[in-house]
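To keep things clear, I will list the structure first and then write my remarks on it.
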Amino acid sequence: MIVAGSESQVLAARVARETGRKLVRVEHESFPDGERLVRVPGVEDKEVAVVASTPTDEAYVELLQILDAVRGASRTDLVIPYMGYSRQDDEFEDGEAVSARALGSALPHVDSVTTVNLHETDVLEDWFDAPERRDLDAAPALADAFTEELEEPLVVAPDGGARKLAQSLAERVGGDADHLVKKRLSGDEVRIETQEVDAQGRDAVLVDDIVATGGTMTEAVEVLRGNGARSVRVACVHPVFARNAVLRLYSAGVERVVATDTLGTALSEASVAPVLARHL
């Protein structure tokens with residue numbers, strides 16, 4: 025059985041179709057004081073996979089309620105395609121909460137936890153209570169979305185953290201991989217310190233796990249354009265797209281933006297459902 029969180033209904037339906045498993049209807053009720061109640065009937069002694077991205081606080085509370093509602097299942101597999109707060113994985117200033125630890129530890133014991141291109145995989149290993157833990161690669165889904173012919177493709181990560189993802193995507197689109205070096209100036213501002221890239225006459229694909237405000241990608245686009253890229257496309261696993269990020273990217277001269285459906289947006293054309301289904 026597949027149980028969907030509110031932020032993952034389309035993806036959960038695709039996973040159900042890929043696996044041939046039943047998609048269970050989740051019942052919601054709201055009370056006058058703003059509290060909510062979740063019911064998941066018919067899962068007693070059944071094997072259940074809960075598919076729930078958590079981009080908001082509300083989604084986290086709902087996930088906690090769903091996991092409590094399915095506690096009678098014979099097996100519970102938890103899939104968090106996009107985990108909010110995963111970037112808050114350390115105490116950067118004195119007295120800060122390590123939010124990823126707090127939220128991962130708050131989730132009850134399950135039989136397995138699956139994530140997709142988690143920003144820091146240590147979060148999964150250190151703070152989730154499950155005997156099976158895996159972080160899956162969305163590069164196959166992104167590669168399938170690039171059906172158009174790319175001229176001497178160059179797949180570029182905007183920083184070292186996305187280098188592995190860039191290499192994985194490059195192997196699948198038949199191109200080379202490279203990465204830039206960036207310096208973060210503030211929460212919204214970055215400076216790309218790499219100024220020379222072998223992009224002359226090539227179709228470049230900038231890829232990152234998360235695109236939030238688009239600030240990093242916009243700076244990277246300028247570097248690639250300055251190095252003679254024939255075109256620049258953007259690919260991301262988790263399309264957070266805050267503060268007019270998409271408009272910002274297209275205004276910078278990006279030809280196309282491709283994202284997966286770990287979060288549902290108008291640009292989420294690459295589905296990770298087949299990748300997830302292989303592990304359920």
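Terminal number for the sequence shown in the numbering used here: 304, no gaps in between. Quick reminder that beta carbons are idealized off the backbone N, C-alpha and C, glycines included.
Cβ neighbours of V197 in the same chain (closer than 8 Å, five flanking residues each side left out): For the purposes of this step, residue 197 is taken as residue 173 along the sequence shown, with counting starting at 1. Within the same chain, V197 has close Cβ partners A167, F170, L174, P177, V179, V229.
Go to R272, then tell me how far its alpha helix (DSSP H) extends in each direction, as first and last residue. As a first step, residue 272 must be located in the sequence shown, where it is residue number 248. Unbroken alpha helix (DSSP H) run through R272: 269-275.
Taking its Cβ as the centre, do 16 or more other Cβ atoms sit within 10 Å of G239, making it buried, or is it exposed? Counting from 1 along the sequence shown, the entry for residue 239 is found at position 215. G239 comes out buried.
Do you know whose CA, among V235, E149, V247, lies nearest E220's CA? As a first step, residue 220 is located in the sequence shown; it is residue number 196 there, counting from the start. Residue V247 holds the alpha-carbon nearest to the alpha-carbon of E220 among V235, E149, V247.
Go ahead and label G58 buried or exposed: buried means 16 or more other beta carbons lie within 10 angstroms of its beta carbon, across all protein chains shown. Position 34 of the sequence shown holds residue 58. Classification for G58: exposed.
E86: buried (16+ other C-beta within 10 angstroms of its C-beta) or exposed? As a working mapping, residue 86 is identified with position 62 in the sequence shown. That one is buried.
With a 10 Å radius around its C-beta and 16 neighbouring C-beta atoms as the bar for buried, classify D114 as buried or exposed. Here the question's residue 114 lines up with position 90 in the sequence shown. Of the other Cβ atoms in all chains shown, fewer than 16 fall within 10 Å of the Cβ of D114; this residue is therefore exposed.
Can you tell me whether DSSP reads V85 as helix, strand or coil? Residue 85 sits at position 61 when you count from the first residue of the sequence shown. It is helical.
Quick one: using the 10 Å Cβ neighbour count with 16 as the cut-off for buried, is P105 buried or exposed? Residue 105 sits at position 81 when you count from the first residue of the sequence shown. It counts as buried.
What's the gap between the Cα of A76 and the Cα of A28? One-based indexing of the sequence shown puts residue 76 at position 52. One-based indexing of the sequence shown puts residue 28 at position 4. Taking the straight line joining both Cα atoms gives about 6 Å.
Quick check on L287: does DSSP put it in helix, strand or coil? The residue you call residue 287 lines up with position 263 of the sequence shown. Looking at L287 - three-state DSSP - the assignment turns out to be coil, as it is neither helix nor strand.
Rounded C-beta distance between S123 and Y109? I'm assuming under 8 Å. Working through the sequence shown from its first residue, we reach residue 123 at position 99. Working through the sequence shown from its first residue, we reach residue 109 at position 85. The pair is a contact, with the Cβ atoms about 4 Å apart (cut-off 8 Å).
Restricting to Cα atoms, I'd like to know which of Y274, R280, I26 is closest to P65. Mapped onto the sequence shown, residue 65 falls at position 41. Proximity to P65 across Y274, R280, I26 peaks at I26, based on C-alpha coordinates.
Can you list, in chain order, the stretches of the beta strand (DSSP E) that have 3 or more residues and sit fully within the region 87-164? Entirely contained in the region 87-164, the beta strand (DSSP E) runs reaching 3 residues are, in chain order, 99-104, 136-140, 156-160.
Sub-7 Å separation of E31 and P298 beta-carbons: Within the sequence shown, numbered from 1, the residue matching residue 31 stands at position 7. Within the sequence shown, numbered from 1, the residue matching residue 298 stands at position 274. Judged by their CB atoms, E31 and P298 are not nearer to each other than the 7 Å cut-off.
Could you please give the first and the last residue of the uninterrupted beta strand (DSSP E) stretch that includes R63? Start at 1 with the first residue of the sequence shown, and residue 63 comes out as number 39. Its beta strand (DSSP E) spans residues 60-63.
List the endpoints of the continuous alpha helix (DSSP H) containing R49. Here residue 49 refers to the residue found at position 25 of the sequence shown. Careful: R49 lies outside any alpha helix (DSSP H) and carries neither H nor E.
Exposure label - G119; buried when at least 16 CB within 10 Å: The residue given as residue 119 occupies position 95 in the sequence shown. So G119 counts as exposed.
Local Cβ density within 10 Å of D233, reported as buried at 16 or more and exposed below that: For the purposes of this step, residue 233 is identified with residue 209 of the sequence shown, where counting begins at 1. By the neighbour-count criterion, in which 16 or more other beta carbons inside 10 Å mark a residue as buried, D233 falls on the buried side.
Where does T78 sit, in a helix, a strand or coil, going by DSSP? In the sequence shown, counting from the first residue as 1, residue 78 sits at position 54. Strand at T78.
Can you give me the C-alpha to C-alpha distance between P132 and D153, rounded to a whole angstrom? Mapped onto the sequence shown, residue 132 falls at position 108. Mapped onto the sequence shown, residue 153 falls at position 129. In this structure, the straight-line span from the alpha carbon of P132 to that of D153 is close to 7 Å.
For the alpha helix (DSSP H) that contains P298, what are its first and last residues? As a working mapping, residue 298 is identified with position 274 in the sequence shown. In this chain, the alpha helix (DSSP H) harbouring P298 covers 297-301.
Give the straight-line distance between the Cα atoms of A181 and A201, rounded to the nearest whole angstrom. Sequence index remark: in the sequence shown, residue 181 carries index 157 (1-based). Sequence index remark: in the sequence shown, residue 201 carries index 177 (1-based). Taking the straight line from one Cα to the other gives about 8 Å.
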